[in-house]
Amino acid sequence: MQRCPAAGWVSAIFAASLATPIIIGQEPIALNAREGRVPAGSVSLYARDIGQGPPAIVLHGGPDFDTAYLLPDLDRLADIYRLVYYDQRGRGKSADGVQPDDVSLATDLEDIERVRQHFGLEAPALLGHSWGTVLALEYALRYPTRVSRMVLMNPAPASSADAASLRKAYTTQLGDLMERQRAIMIGQAYQRADPDTVAERYRIHFVHALAKPEHYEALMRAMRAAFIAQGPAGILKARAIEDRLMADTWQQPSYDLMPRLASLRIPTLVLWGDRDFIPREISEHLIGSLPQARLVTLDGCGHFAYLECPGAVRTALQDFVRQPPVAGRPQR
-3 MQRCPAAGWV
7 SAIFAASLAT
17 PIIIGQEPIA
27 LNAREGRVPA
37 GSVSLYARDI
47 GQGPPAIVLH
57 GGPDFDTAYL
67 LPDLDRLADI
77 YRLVYYDQRG
87 RGKSADGVQP
97 DDVSLATDLE
107 DIERVRQHFG
117 LEAPALLGHS
127 WGTVLALEYA
137 LRYPTRVSRM
147 VLMNPAPASS
157 ADAASLRKAY
167 TTQLGDLMER
177 QRAIMIGQAY
187 QRADPDTVAE
197 RYRIHFVHAL
207 AKPEHYEALM
217 RAMRAAFIAQ
227 GPAGILKARA
237 IEDRLMADTW
247 QQPSYDLMPR
257 LASLRIPTLV
267 LWGDRDFIPR
277 EISEHLIGSL
287 PQARLVTLDG
297 CGHFAYLECP
307 GAVRTALQDF
317 VRQPPVAGRP
327 QR
């Protein structure tokens, strides 16, 4: 978190077709993934489209990450939702031609609208992970009739007060490792965005974010590969964009989406892992504010639910698709 072809798909900017095996039980199902570009003013956004069923725009976390960390694990849901991924402006494969000053909360929300229009989606679901849940909520508040449902997976804070609570909990969890992380971040290698040093920092950052060592190691391998692919220039750009988005949101003392969320009548599923480094109270505040929201707690699961608890996530989403949540009723 702090740092995953409709009529609107333009064949002229079609890039590739990939066969992705989705594991359901013991049987793999091959689904085609389509990659292309979404025009966004003077630049374009990388997009990836896979699956069947009702469409869902996937909003990755970070905000200095891109969709790479979600793959291939989130593709397991491609038989429940048609998943429309994209790299947010200035990040990942959407970085070319973008300067950090070109990115703000407003431009990120405009880009969600561009993706929706490009794919010809009348009212898709929004599936946000971590920071992506903030974007989902902000977009839904601006365009409530253009969102059918929301899935808020391992949600990030939706207010500056909750962001402060997260920082406090995070510092307590890390303990003595906090000083080790600070030492890395003030060092020259990190400041010049050496990919291995950045990966070393995130090994500390996420050390309490996942319940099982094998999932932690899988995520660290994926993130290190993504940092290497991004390169120092891309890492520095994404880092500067993160600073700008933080200035637009959590660093504003008055930032608080809670009072406005009461106006949304959008069925919402909130997924929180009981081993998440983000405190449960942040999800509970969303449930208390959203009139048609349900909280599902995932046992033995950390901050990356799609990776750590795929079966429980699948069950929760299948139930959600079949029947709208009951307002404000937590589940386990």
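Those letters in the sequence shown? Residues -3 to 328, by my numbering. Ideal Cβ placement from N, Cα and C applies to all residues, glycine included. Predicted, not measured: the structure shown is a model, and the values here were computed from it.
Self-check item: When 237, 161, 261 are compared against residue 276, the one with the closest alpha-carbon
Solution: Reading the sequence shown from its first residue, position 280 is the one you call residue 276. Nearest of 237, 161, 261 to residue 276, Cα basis: 161.
Exercise. Return helix, strand or coil for residue 118, following the three-state DSSP convention.
Key: In the sequence shown, the residue the question calls residue 118 occupies position 122. Coil at residue 118, not helix or strand.
Self-check item: Straight-line gap, residue 294 to residue 302 (C-alpha atoms, nearest Å)
Solution: Against the sequence shown, residue 294 aligns to sequence position 298. Against the sequence shown, residue 302 aligns to sequence position 306. One C-alpha to the other measures close to 11 Å.
Quiz prompt | residue 317 - DSSP class collapsed to helix/strand/coil | solution = Residue 317 sits at position 321 when you count from the first residue of the sequence shown. Of the three classes helix, strand and coil, the one that applies to residue 317 here is helix, per DSSP.
Quiz item: Which runs of the beta strand (DSSP E) spanning at least 3 residues fall entirely within the segment 281 to 320, listed in chain order?
Solution: Annotation note: the segment 281 to 320 contains the following uninterrupted beta strand (DSSP E) runs of length 3 or greater, listed N- to C-terminal: 289 to 294.
Quiz item: Hey, quick one: how far does the beta strand (DSSP E) through residue 266 stretch, first residue to last?
Solution: Working through the sequence shown from its first residue, we reach residue 266 at position 270. Here the beta strand (DSSP E) through residue 266 covers 264 to 269.
Quiz item: In the DSSP assignment, what residue or residues form a beta bridge with residue 147?
Solution: One-based indexing of the sequence shown puts residue 147 at position 151. Residue 147 is bridged to 123, 265.
Quiz item: Nearest to residue 134 by alpha carbon, out of 86, 310, 282, 168?
Solution: In the sequence shown, residue 134 corresponds to position 138, counting from 1. Looking at the Cα atoms, 282 is the closest of the given residues.
Quiz item: Taking Cβ positions only, does residue 237 come closer than 9 Å to chain B?
Solution: Given the protein chain composition of this structure (a single chain), no chain B is represented.
Quiz item: Start and end of the alpha helix (DSSP H) containing residue 156?
Solution: Counting from one through the sequence shown, the residue named residue 156 turns up at place 160. Note, residue 156: alpha helix (DSSP H), 156 to 170.
Quiz prompt | Sequence-distant residues of its chain with Cβ nearer than 6 Å to residue 222 (five each side left out) | solution = Position 226 of the sequence shown, counted from the start, is the residue given in the question as residue 222. For residue 222, where only same-chain residues beyond five positions count, the Cβ hits under 6 Å are 64.
Exercise. Check whether the Cβ of residue 200 lies closer than 8 Å to any heavy atom of the ligand FMN, and answer yes or no.
Key: For the structure depicted, the ligand FMN is absent and the ligand set is empty, with no information on it obtainable.
Quiz item: Helix, strand or coil: how does DSSP classify residue 255 here?
Solution: In the sequence shown, residue 255 corresponds to position 259, counting from 1. It is helical.
Quiz item: Taking the Cβ atom as the reference point for each residue, do residue 152 and residue 167 lie within a distance shorter than 9 Å?
Solution: Locating residue 152 in the sequence shown gives position 156, where the first residue counts as 1. Locating residue 167 in the sequence shown gives position 171, where the first residue counts as 1. Not closer than 9 Å, so no.
Quiz item: Given a threshold of 16 other Cβ atoms within 10 Å of its Cβ, counted over all protein chains shown, does residue 278 qualify as buried or as exposed?
Solution: Position 282 of the sequence shown holds residue 278. Buried, by the Cβ-count rule.
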